[in-house]
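> Quick note, the sequence shown lines up with residues 1 to 212 if you use our numbering. Backbone N, C-alpha and C define an ideal beta-carbon position, used for all residues, glycine too.
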Amino acid sequence: MARRGAAVLPACLAALCLCGALRWLAPQGGAFVPPQRLRSEAAAGAAAALLAAAAAGPMPAEAVTAKFSFFGFGDGYSDPYQANDADAISPYSQFSNPKDSIYKKGTDEIVERKKTQLNDSFGRLGKIPALLRVKAGEEVKSILTLQLYMMRANMEYLSGATDSAEFVKAREFFQDIADVGVGNRQKNWAFAEESYDKAMTALGEWKTMVRY
1 MARRGAAVLP
11 ACLAALCLCG
21 ALRWLAPQGG
31 AFVPPQRLRS
41 EAAAGAAAAL
51 LAAAAAGPMP
61 AEAVTAKFSF
71 FGFGDGYSDP
81 YQANDADAIS
91 PYSQFSNPKD
101 SIYKKGTDEI
111 VERKKTQLND
121 SFGRLGKIPA
131 LLRVKAGEEV
141 KSILTLQLYM
151 MRANMEYLSG
161 ATDSAEFVKA
171 REFFQDIADV
181 GVGNRQKNWA
191 FAEESYDKAM
201 TALGEWKTMV
211 RY
């Protein structure tokens, strides 16, 4: 309100000056002199126009402008980091603080679900020896293609860190399974069967290591 009053005051002074100027410029001789009423109305109209212009909007200094934050600090209107949580791990992270996350790595429910999926995959792998004996290469290829991706993801999850002994053992198992696929494609059935036996040995060791 103080700023708006300060803006109106100069307009009032300008209106008074305009009235004085009109009176001073009015001819004093015998020339035609506009009626007093017209001069008063003209002065009043000019004053009203000045007042309307002053009240039409805020002065530039009063207008709301964008305020920006630098390097994550500040509470400006245009601060992009204000959209982040107050307890985010970093002012630049759009993710919530993981301490209150619903998802917890290694929870019993998740582990059991992954074990259920792995049991299904292991059961399908158990059909491979019989298929190799009858040289059913397409069936072996189908099992490996459908199971390998999900099985790898689940085993790596249960193995923990990528530099752990459990993770290394899981990689050994998958290398042996890959060799089964190679022997199957080359119709080298003996090599495929040998690789399968090595894979099952590595799988048993992995299960012991992760307390499967």
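#1: Could you tell me the alpha carbon to alpha carbon distance between K169 and R113, rounded to whole angstroms?
#2: Contact between the region 128-144 and the region 156-170 is defined here as three or more beta-carbon pairs at a separation below 8 Å; is this criterion met?
#3: Could you check how far apart the C-beta atoms of K115 and W189 are, in whole angstroms? I think they sit under 8 Å.
#4: Please report the straight-line C-alpha distance between D176 and I143, rounded to a whole angstrom.
#5: Straight-line CA distance for F174 to I110?
#6: Go through its chain and collect everything with a Cβ distance to A202's Cβ below 7 Å, but skip five positions before and after it.
#7: Report the rounded CA-to-CA distance for D179 versus G204, giving the unit in angstroms.
#8: Less than 9 Å between the beta carbons of G181 and K141, yes or no?
#9: My assumption, with CB atoms under 8 Å, is that Q117 sits in contact with N154. Please give the rounded CB distance.
#10: Just to confirm the assignment: which complete alpha helix (DSSP H) runs, minimum length 4, are found wholly within the region 105-168?
#11: Closest by CA to V210, which one among D120, E156 and G126?
#12: Going along the chain, which residues of its own chain have a beta-carbon closer than 6 Å to the beta-carbon of D120, five neighbours each way excluded?
#13: Is Y212 helix, strand or coil when you go by DSSP?
#14: Would you kindly work out how many angstroms separate the C-alpha atoms of A192 and T107, rounded to a whole number?
#15: Just tell me which of M200, L125 and K198 has its CA closest to the CA of Q147.
#16: If you count every other CB in all the chains shown that lies within 10 Å of the CB of Y196, and 16 or more means buried, which is it?
Taking the coordinates as given:
#1: Position 169 of the sequence shown, counted from the start, is the residue given in the question as residue 169. Position 113 of the sequence shown, counted from the start, is the residue given in the question as residue 113. Whole-angstrom Cα-Cα distance: 21 Å.
#2: no
#3: To locate residue 115, count along the sequence shown from 1; it is residue 115. To locate residue 189, count along the sequence shown from 1; it is residue 189. The Cβ separation is near 31 Å, so there is no contact.
#4: The residue you call residue 176 lines up with position 176 of the sequence shown. The residue you call residue 143 lines up with position 143 of the sequence shown. Going from the Cα of D176 to the Cα of I143 covers about 15 Å.
#5: Looking up residue 174 in the sequence shown gives position 174. Looking up residue 110 in the sequence shown gives position 110. Using only the alpha carbons, I get a separation of about 22 Å.
#6: Here residue 202 corresponds to residue number 202 of the sequence shown, with the count starting at 1. Within the same chain, A202 has close Cβ partners K169, E172, F173 and D176.
#7: Taking the sequence shown and counting its residues from 1, the one referred to as residue 179 is at position 179. Taking the sequence shown and counting its residues from 1, the one referred to as residue 204 is at position 204. Distance between the alpha carbons of D179 and G204 is about 18 Å.
#8: Looking up residue 181 in the sequence shown gives position 181. Looking up residue 141 in the sequence shown gives position 141. Against a cut-off of 9 Å, the Cβ pair of K141 and G181 comes out as a contact.
#9: Along the sequence shown, one-based indexing puts residue 117 at 117. Along the sequence shown, one-based indexing puts residue 154 at 154. That belief holds up - the Cβ atoms of Q117 and N154 are roughly 5 Å apart, short of 8 Å.
#10: 108-125, 128-133 and 137-159
#11: Looking up residue 210 in the sequence shown gives position 210. Here the closest residue by C-alpha is E156.
#12: Within the sequence shown, the letter at position 120 stands for residue 120. Excluding residues within five positions, none has a Cβ falling inside 6 Å.
#13: Taking the sequence shown and counting its residues from 1, one reaches residue 212 at position 212. It is coil, neither helix nor strand.
#14: Locating residue 192 in the sequence shown gives position 192, counting from the first residue. Locating residue 107 in the sequence shown gives position 107, counting from the first residue. Straight-line Cα distance between these residues: approximately 37 Å.
#15: The residue given as residue 147 occupies position 147 in the sequence shown. Considering only alpha carbons, the answer is L125.
#16: What you label residue 196 is simply residue 196 of the sequence shown in a count that begins at 1. Looking at its Cβ environment, which holds 16 or more other Cβ atoms inside 10 Å, Y196 is buried.
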